[in-house]
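Working notes for the structure below.
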Amino acid sequence: MNRRLTIVVLTAVLLVFVGVDLLHAQGGPGRGRGPGFGPGRGRGFQGGRGGDKSFAEDHEVFFFLLQSGDKIKRTITNLENGVETLTESDDADVAAKIQEHVAAMYSRVDERRPIHMRDPLFREIFSHADKIVMKSEETDKGVRVTETSDDPYVAKLVQEHAKVVSLFVKNGHAELPKNHAVPKR
Numbered sequence: 000m001n002r003r004l005t006i007v008v009l010t011a012v013l014l015v016f017v018g019v020d021l022l023h024a025q026g027g028p029g030r031g032r033g034p035g036f037g038p039g040r041g042r043g044f045q046g047g048r049g050g051d052k053s054f055a056e057d058h059e060v061f062f063f064l065l066q067s068g069d070k071i072k073r074t075i076t077n078l079e080n081g082v083e084t085l086t087e088s089d090d091a092d093v094a095a096k097i098q099e100h101v102a103a104m105y106s107r108v109d110e111r112r113p114i115h116m117r118d119p120l121f122r123e124i125f126s127h128a129d130k131i132v133m134k135s136e137e138t139d140k141g142v143r144v145t146e147t148s149d150d151p152y153v154a155k156l157v158q159e160h161a162k163v164v165s166l167f168v169k170n171g172h173a174e175l176p177k178n179h180a181v182p183k184r
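Number 124 in numbering that gives the first Met the number 0 belongs to position 125 of the sequence shown; there are no gaps in the numbering.
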């Protein structure tokens, strides 16, 4: 009888562990850090796995660029109403990914498919996306981008975003978990 009780108890414990593992494998809304059962923030770039139609591809390109920061040259010129940036690389593969990333992010802004919404700056930029005028020009080694706005506050947001992109280039993955301040109105 003791042996039978031991087997029943061990089986029950094993089923509990297997059940918990199966639940975790199902994913969930998460908190941008993997599977979970918390409130989450939707199924966007940080809100959980899967996301929209281009999530996986955008994610892959972004992480490739984070790992390639030492091969990227970036300049920022603040304009009265926004910013002009030049982002390039002598490495042809990196240059192509820069171009791909900029095109993908423009689509996200145009289609209101936000990313990185846990970061206050990104959340604020996407809430004012309709006030941003974006122009990009591919160069042989990357992209020249001009982003402007008739709204002075949105122009500040665009300038702050340009600084944060440069921080991603400089710091790579270490910059990703940081929150970035929203400028004062």
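From the three backbone atoms N, C-alpha and C, an ideal C-beta is built for every residue, glycine too.
| Asked | Found |
| --- | --- |
| Coarse secondary structure for E136, derived from DSSP in three states | strand |
| Exposure label - K140; buried when at least 16 CB within 10 Å | buried |
| Minimum C-alpha distance to S67 - residue among N77, I97, N80 and S53 | I97 |
| Rounded separation between A95 and V101 - CA only | 10 Å |
| Element boundaries [alpha helix (DSSP H), containing L78] | Where L78 is concerned, there is no enclosing alpha helix (DSSP H), although the beta strand (DSSP E) it sits in stretches over K72 to L78. |
| Exposure of D20, with buried meaning 16 or more beta-carbon neighbours within 10 Å | Because the pLDDT at D20 is just 37, under 50, the model does not fix this residue reliably, and the point stays unresolved. |
| Chain D within 8 Å of S53, Cβ atoms only | No chain D is present in this structure, which holds just one protein chain. |
| Cβ pair E99, V60 closer than 8 Å | yes |
| Nearest-angstrom Cα separation, counted from E137 out to T236 | Only positions 0 to 184 of the chain appear in this structure, which leaves residue 236 out of reach. |
| F62 versus I71 - alpha carbon distance | 14 Å |
| L175, DSSP secondary structure in three states | coil |
| Inter-residue Cα distance where the pair is V82 and V93 | 23 Å |
| Whole-angstrom distance between V144 and A128, CA atom to CA atom | 16 Å |
| Assigned secondary structure, R184 (DSSP; H/G/I helix, E/B strand, else coil) | coil |
| Under 8 Å between C-beta atoms of I131 and S106 | no |
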